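For reference, the structure is listed below as structure tokens.
Residue numbers (the working numbering): 17 to 263.
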């Protein structure tokens, strides 16, 4: 009997001290960010790659989700989808089941490694906000399963995303030896209604935005385009999506 009582006491103590997941309720405002995953490749990246970088995936209060993927040639595709309230609840339950809310805030490898990649995942609920970051794949497998889920659209069907507006900066460059204009896309200033010589942190939309969006997704690190005899490197910053916000 004493042994049984002792077991019961231990069970009760364990249940009292076990971590409890937060209440899985969130702000349904379409402008409120609920989930975000971001990636940093590490090492030395070209300036254009940093300016044109987007968050890996984001989910807002109304279930809107935007994420990006890369093909084998490092061309970026950006997708949008819509999670229902039931799907949002299921997604947050998956976070709880994977132990996300009980993970450490930061994970690092035991050995010192310079210029490694980093990943950050955050969830903002009504009751609490939790952020977990890792350096060089040092977090638990469940962390990687969650980031992979988000970076594939969290189970929803995606359609290509086209931003409504963006801030464009066109930096004129001197072509290197061997660079041929035929290798690069062309900017038709007349048809697009914009001379890239005048594109210094200006807001664009419509056809001009669509052309710039196409170029930076095709090669975000070296987004070179030709206008007449001039070569330009395009930097495009988007509200909500860009790691470097428009300013």
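For every residue, glycine included, the Cβ atom is placed at its ideal position computed from N, Cα and C.
Since this is a predicted model, take the numbers as computed values, not measurements.
Boundaries for residue 196: no beta strand (DSSP E) harbours it, and the DSSP string shows neither H nor E there. Inter-residue distance for residue 221 and residue 201 is about 19 Å (C-alpha atoms, whole angstroms). It is roughly 14 Å from the alpha-carbon of residue 65 to the alpha-carbon of residue 185. Looking only at 102, 254, 80, 141, the smallest Cα-Cα distance to residue 180 is reached by 254. Here the alpha carbons of residue 143 and residue 238 stand approximately 43 Å from one another. Following the DSSP letters along the chain, one finds residue 150 inside the beta strand (DSSP E) bounded by residues 145–151. 148 is the residue among 148, 243, 182 whose C-alpha sits nearest the C-alpha of residue 135.
Where residue 161 is concerned, there is no enclosing beta strand (DSSP E), although the alpha helix (DSSP H) around it starts and stops at 157–166. Shortest Cα-Cα distance from residue 37 to any of 110, 88, 78 involves 110. CA-CA distance, residue 206 to residue 249, rounds to 19 Å.
In the DSSP assignment, residue 220 is bridged to 182. The bridge partners DSSP lists for residue 92 are 86.
Under the three-state reduction of DSSP output, residue 42 falls in the coil class, being neither helix nor strand.
Each residue's CA atom was taken as its position, placing residue 77 and residue 140 some 10 Å apart.
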